[in-house]
Structure formats: structure tokens, C-alpha cells
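Enquirer: All the letters of the sequence shown, read from the start, carry residue numbers 1189 to 1298 under the numbering used here. Okay, here's the structure, questions in a sec.
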Amino acid sequence: MSKLFFKGRIETRQNHVLSGYNVNRDVKAGTKEAPINIVVPTELRKQEVEAITQEHSIFANITVDESQEENTIELDTILNKAKPTVFEKKPNRNDPCSCGSGKKYKKCCA
């Protein structure tokens, strides 16, 4: 027998792998499978929101209800996604200095 022989019940491991929280969902909000829900107070505002959703190709269920206040949180989160922060690359020690002195970075501004 080899040292890599699995000791234990395989069924238990498979059940553990199958259950659990799925953070990598295949269905995204705003698609045909999962449209977002939007509540607007007037018909004019509904037309404005429909134009925005068509422009960005987002699927939404828009309801007009004057008794409730406007709820466009899901639409705002899709339109205003956070962008990754990009930092400027710091020069290596042996690169020429960015101040223009002609010296190496480690001898000048480090």
C-alpha cells in the first residue's frame, strides 16, 4: 500500500464539499434570470429609469406606487460599482531616480 492511501469515508468528504455557502454565484443581479426591483412614485420617473436601464442593458421590474417612497438602491449599486485602486509603481533601488538627477534611486531619493 502507498503512503497516499485515503483513510476515511469518501461519502463524508463529498457531502462536505457539496454543502456550504456559494460565494461565486453564476446569476448576477440585473440579468434575465435575476432582474432588480425598483419602486418609483410617478409614471414620468418610470420612463426615466427605463431609459437608464435600457442604456446599460439592465433588466428591472419597475413598479409605480405613489404611497411608497422611491427605491432605486439596487440600480444605484449596479451603476456605481467600486473600481480597483491602482497605485503608482515605486522604482527599484537600481533604477534611475525619478527626480532627474541621473543617479540611482538608492543613492538619491531613497
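Note that the Cβ used here is the ideal one computed from N, Cα and C, for glycine as well.
Go ahead and label Ala1248 buried or exposed: buried means 16 or more other beta carbons lie within 10 angstroms of its beta carbon, across all protein chains shown.
Expert: Buried.
Enquirer: Please classify Ala1239: does DSSP put it in a helix, a strand, or coil?
Expert: Helix, per DSSP.
Enquirer: Counting along the chain, where does the alpha helix (DSSP H) carrying Thr1265 start and finish?
Expert: Run containing Thr1265: 1261-1267, per the alpha helix (DSSP H) assignment.
Enquirer: Determine the direct distance from the alpha carbon of Lys1220 to that of Thr1265, and round the result to whole angstroms.
Expert: Spanning the two alpha carbons is a distance of roughly 17 Å.
Enquirer: For Lys1291, report the span of its alpha helix (DSSP H) as first-last.
Expert: Careful: Lys1291 lies outside any alpha helix (DSSP H) and carries neither H nor E.
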